[in-house]
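Those letters in the sequence shown? Residues 8 to 300, per this note's numbering, in order. Backbone N, C-alpha and C define an ideal beta-carbon position, used for all residues, glycine too.
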Amino acid sequence: MSVPSKLKQLSSVRAYGGALRRFEHTSGVLGNLQMKFAVFIPDTASKGAKTPTLYYLSGLTCTDENVSNKGSIAFKWASELGIAVVMPDTSPRGHPEIPGENDSYDFGTGAGFYLNATKEPWSANYKMYDYVVKELPSLMAESFPEWYLPDKISITGHSMGGHGALTIGLKNPTTYTSVSAFCPIVNPLDTNWGQKAFNGYLNDPTKEGADYDACALLQAGKKHPKCLLVDQGTGDDFYSESKQLQPEKFVEACKAAGQEFECNMREGYDHSYWFVSTFMENHFRFHGKHLGA
Numbered sequence: 008m009s010v011p012s013k014l015k016q017l018s019s020v021r022a023y024g025g026a027l028r029r030f031e032h033t034s035g036v037l038g039n040l041q042m043k044f045a046v047f048i049p050d051t052a053s054k055g056a057k058t059p060t061l062y063y064l065s066g067l068t069c070t071d072e073n074v075s076n077k078g079s080i081a082f083k084w085a086s087e088l089g090i091a092v093v094m095p096d097t098s099p100r101g102h103p104e105i106p107g108e109n110d111s112y113d114f115g116t117g118a119g120f121y122l123n124a125t126k127e128p129w130s131a132n133y134k135m136y137d138y139v140v141k142e143l144p145s146l147m148a149e150s151f152p153e154w155y156l157p158d159k160i161s162i163t164g165h166s167m168g169g170h171g172a173l174t175i176g177l178k179n180p181t182t183y184t185s186v187s188a189f190c191p192i193v194n195p196l197d198t199n200w201g202q203k204a205f206n207g208y209l210n211d212p213t214k215e216g217a218d219y220d221a222c223a224l225l226q227a228g229k230k231h232p233k234c235l236l237v238d239q240g241t242g243d244d245f246y247s248e249s250k251q252l253q254p255e256k257f258v259e260a261c262k263a264a265g266q267e268f269e270c271n272m273r274e275g276y277d278h279s280y281w282f283v284s285t286f287m288e289n290h291f292r293f294h295g296k297h298l299g300a
C-alpha cells in the first residue's frame with residue numbers, strides 16, 4: 008500500500024480481513040508536534056469501495072494502540088460491516104514537559120480530555136478537541152480520498168473517550184452520523200476526574216467546562232438526531248465506588264431534553280477491555296445501521 012505524503016507509516020499488519028496501519032504526522036493544531044494514530048482499513052476500502060468511518064477515542068493513560076492491543080475484536084466487526092476505524096492518541100506528546108504534566112495518571116500526558124485548553128501553559132498544545140474534530144478528519148479525507156467519506160463518520164469511545172464521543176457528538180450532530188460510548192464520564196463537572204481536568208486546563212472551569220460535559224450540554228439544549236448508545240458495567244469500581252461514572256444522571260438529562268437514548272447496565276462487568284470487547288459487536292452494528300454499512 009502506498010503511504011500518503013503527509014504521513015509517515017510506522018507499521019502495517021494484516022488482521023481480520025483488513026490492514027491495521029499506524030502513522031505519524033505533524034499536527035499544526037497541537038503546536039507542530041509529531042502525533043501518532045492508527046487506522047483499520049477493511050479490504051473493501053483497500054479495493055476502492057467508498058467506506059464509512061468510526062472514530063474510537065480511548066481513555067485515561069491510553070495511547071492510539073490500546074484498542075488495537077486489548078480490543079482488537081473490534082476489527083472483526085469492522086471488517087464484516089465494511090467500516091474503517093480511526094484511533095487517535097489521548098493527548099499531545101513530544102513538547103517540552105510542563106510542570107505537573109506527568110505527576111498523575113488522570114491529568115496531563117494521556118489525559119487530554121478531548122477539550123481545547125485555555126489556561127497557559129496548557130493552551131499551547133492541549134487542543135485535543137480541535138485535533139479530533141477538525142484536523143484528523145481533514146487529514147483522513149486528504150490522505151485517503153479513494154475510500155474515505157467525510158459525510159459518513161461516527162464516533163465512540165471508552166471512559167474519558169466515551170466522554171469525548173458524547174460531547175463531540177452532541178456539539179456536532181450533523182457531522183457525526185451516530186454516537187456511542189462505553190462507561191463514559193457523563194458529568195465531569197461533578198466528578199474528581201473532571202474537576203481536576205477543568206481546573207487545570209481551563210481559565211473558567213465551570214463555565215468553559217459545561218461545554219465539555221454531556222449532561223450540561225443536554226441541559227443547554229444540545230441534542231443528536233439519532234439515539235445515543237451507552238453501555239455501563241455494574242461491577243465497574245469507577246461507577247459503584249468512586250462515582251466517577253454517573254449513568255443515572257445521563258439518563259435523567261436525556262429524558263429531560265427529549266434525547267433518544269439507550270443505556271444498558273451490564274450486570275457484573277467492570278471497566279476493562281474485557282467489558283468493551285464483550286459488547287463491541289453491539290456498538291459496531293449500531294453504527295453500521297446508521298452509516299448504512
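Euclidean distance between Cα positions of aspartate 158 and glycine 115:
32 angstroms
Extract the residue ranges of the beta strand (DSSP E) inside the segment 240 to 280, only unbroken runs of 3 or more that lie entirely within it.
268 to 273
So for phenylalanine 205, helix, strand or coil by DSSP?
helix
In angstroms with no decimal places, state the Cα-to-Cα distance between tyrosine 302 and arginine 100.
Any question about residue 302 goes unanswered here, given that the chain covers just 8 to 300.
Chain-order list of residues whose beta-carbon lies under 6 angstroms from that of glycine 168 (same chain, five-residue window excluded):
Cβ within range, chain order: Leu64, Ser65, Gly66.
Given that a residue counts as buried once 16 or more other Cβ atoms are within 10 Å of its Cβ, and exposed if not, what is serine 16?
In the sequence as presented, serine is not what sits at residue 16; that position holds glutamine. So glutamine 16 counts as exposed.
Just mark lysine 296 as buried or exposed, buried being the case when its beta carbon has 16 or more other beta carbons within 10 Å.
exposed
With the cut-off set at 9 angstroms, would you say leucine 236 and histidine 290 are in Cβ contact?
yes
Three-state secondary structure assigned by DSSP to valine 74:
helix
Between the CA atoms of glutamate 274 and glycine 38 - distance to the nearest angstrom
43 angstroms
For threonine 70 versus valine 93, is the C-beta spacing smaller than 9 angstroms?
At least 9 angstroms separates the beta-carbon of threonine 70 from that of valine 93.
Could you pull the start and end residues of the beta strand (DSSP E) that isoleucine 48 belongs to?
40 to 49
Alpha carbon to alpha carbon, how far is serine 75 from glycine 107? Give it in angstroms, no decimals.
29 angstroms
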